[in-house]
Structure formats: structure tokens, C-alpha cells
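Student: After the C-alpha cells below, expect a handful of questions from me.
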Amino acid sequence: MQRTQSRLPARLARANPTTVFLVTLVLALVAFFTPGAVGGLLTLLLAAAVAALLVTTWAVQTAPTRVIRLVVLTLLVTAGLVKLL
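Each number in our numbering corresponds to the 1-based position in the sequence shown with 26 added.
Right, dumping it as C-alpha cells:
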């Protein structure tokens with residue numbers, strides 16, 4: 027790895043996919059079932075994490091994968107905003 031490269035992609039590549047999925051699932055369920063503004067804020071925080079992952083991995087994703095991730099991000103932001111209102 028070169029000095030100018032970020033270490034985040036290397037750390038993400040070493041993460042266990044099953045663990046990442048389960049942790050994300052638990053966080054999403056907590057965010058969706060927490061009532062009111064707190065649930066909306068948790069959902070928006072989850073959307074921010076998805077957006078950060080999307081930006082980090084954008085260059086190596088195929089076009090269909092990008093579309094799916096953008097749809098998921100849009101749904102998370104919409105759900106978070108609906109819960110806030």
C-alpha cells in the first residue's frame with residue numbers, strides 16, 4: 027500500500043461479511059423500531075454510514091451495484107425523514 031492510499035479500504039476488505047451484515051441488520055432494526063425522532067436520527071446515521079461506504083467503494087463497483095446502493099441509500103434517507111416528521 028502506498029502512503030497516499032487510505033487504510034480504510036484495506037480494513038473493509040478484511041472484515042467478515044457475515045458479521046458486517048448482522049451488525050448492520052441489528053442497527054437497522056433498532057433504528058426502525060425506535061419510535062419518534064430518535065429512530066429517525068438513528069436511521070439517518072445509518073444512511074450516513076452507507077453513504078460513506080458508497081463513496082469509498084464507488085470506483086470499484088459495477089453500474090448495477092451502484093444503482094442498487096443508491097436505491098438503498100434513498101430508501102434509508104426517506105425512512106429517516108419520515109420518522110422525523
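We treat Cβ as the ideally placed atom computed from N, Cα and C, and that holds for glycine.
(1) Looking only at its own chain, which residues have a Cβ that is under 7 Å from the Cβ of G106, when we skip the five neighbours before and after it?
(2) Please list, in chain order, all residues of the same chain as L99 whose beta carbon is under 8 Å from its beta carbon, the five residues on each side excluded.
(3) Give, in chain order, every unbroken run of the alpha helix (DSSP H) that is at least 4 residues long and sits entirely within the stretch 31-61.
(4) Provide the residue span of the alpha helix (DSSP H) that contains T91, from first to last.
Tutor: The relevant details are as follows:
(1) Counting only Cβ-Cβ distances below 7 Å, and skipping sequence neighbours, we find G66, T69, L70, A73.
(2) A73, V76, A77, L80
(3) Whole alpha helix (DSSP H) segments, 4+ residues: 34-40, 43-59.
(4) 89-110
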